[in-house]
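Asker: Residue numbers for the sequence shown follow the numbering used here, beginning at 23 and rising by one.
Yeah, the Cβ is synthetic: ideal placement off N, Cα and C, and Gly gets one too.
Nothing here was measured: the structure is a model prediction, and the numbers come from that model.
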Amino acid sequence: LRELPEIVERHRAASPLPLEALQQAAEEYVRAEFATGPLTCLGAGEEGVVLTDGRLVYKYFHYWKARDRSERIAFLKSLEGKVSG
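1) Can you check whether the CB of L78 is closer than 9 Å to the CB of L64?
2) Short of 6 Å in beta carbon distance, which residues of its chain neighbour G59, apart from the five on each side in sequence? Order them along the chain.
3) Ends of the beta strand (DSSP E) at L64?
4) In three-state terms, what does DSSP make of Y51?
5) Assuming the contact rule is C-beta atoms closer than 8 Å, E69 and F83 should be a hit. Round their C-beta distance to whole Å, please.
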């Protein structure tokens with residue numbers, strides 16, 4: 023069991039993200055939630071997909087480690103209404 027975290031991390035590193043499926047899910051969610059027009063994918067990583075409609079940038083989170091999920095959510099909520107430009 024001591025080696026399990028390392029084994030899981032190696033597996034994650036070796037398993038490609040289903041990028042097309044993640045991008046499609048992100049686009050569908052952002053369009054529905056924010057009534058955007060066409061979106062362009064700026065990038066995707068382990069935790070999310072970044073999209074733009076040419077005016078705003080959206081980050082769709084699809085994965086967070088359980089140990090810091092609540093802290094990340096609190097941080098993002100703390101930014102609400104404070105970021106502009």
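Answerer: Walking through what the data contain:
1) no
2) D75
3) 62-66
4) helix
5) About 6 Å separates the two Cβ atoms, so the contact holds.
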